[in-house]
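I have placed the structure first, in the form of structure tokens, so that the comments after it can refer back to it.
In the numbering used here, the protein residues as written are 676 to 803.
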């Protein structure tokens, strides 16, 4: 049985490389090497593995950039926050400061949601 190129069985490449900058640098190097391989028509198991690793690194860097977005740190939209966190968890991104802080924020928002809903309902009844 063959696996799709996008499937990944290893851990986080971002954690292995240590930083987003290191991952971006590695992606740039892989881009150069894969371009050369394509230019000469080389398509073997090593090239496919490199393409797979590059795709995984790109996805992790994109997910990390979404975690670092300034608007996410102040959002009250739990759905947006939960989507970004689910993607980060799905990619097994490292639990560095940003991810931990956003998970705490999400938990607090989920705790506050019933209170917010009750306040809205009370204000709506006062207006009526």
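Built from N, CA and C at the ideal position, the CB exists for glycine as well.
*Quick one: using the 10 Å Cβ neighbour count with 16 as the cut-off for buried, is residue 763 buried or exposed?*
Buried is the label assigned to residue 763, since at least 16 other Cβ atoms lie within 10 Å of its Cβ.
_CA-to-CA distance, residue 779 to residue 791, given in whole angstroms_ = Roughly 18 Å between the two C-alpha positions.
*From residue 692 to residue 774, what distance separates their C-alpha atoms?*
If you draw a straight line from the Cα of residue 692 to the Cα of residue 774, it comes to about 17 Å.
*Give a yes or no on whether the C-beta atoms belonging to residue 760 and residue 739 are separated by under 8 Å.*
Not in contact: residue 760 and residue 739 (Cβ atoms no closer than 8 Å).
*To the nearest angstrom, how far is it from the Cα of residue 781 to the Cα of residue 766?*
Taking the Cα positions, residue 781 is about 18 Å away from residue 766.
*Rounded C-alpha distance that separates residue 795 from residue 749*: Approximately 20 Å between the Cα atoms of the pair.
_Applying the 10 Å Cβ sphere with the 16-neighbour rule, what's the burial state of residue 687?_
Under this definition residue 687 is a buried residue.
*How is the alpha helix (DSSP H) around residue 752 delimited, first residue to last?*
Counting along the chain, residue 752 falls outside any alpha helix (DSSP H), and DSSP gives it neither H nor E.
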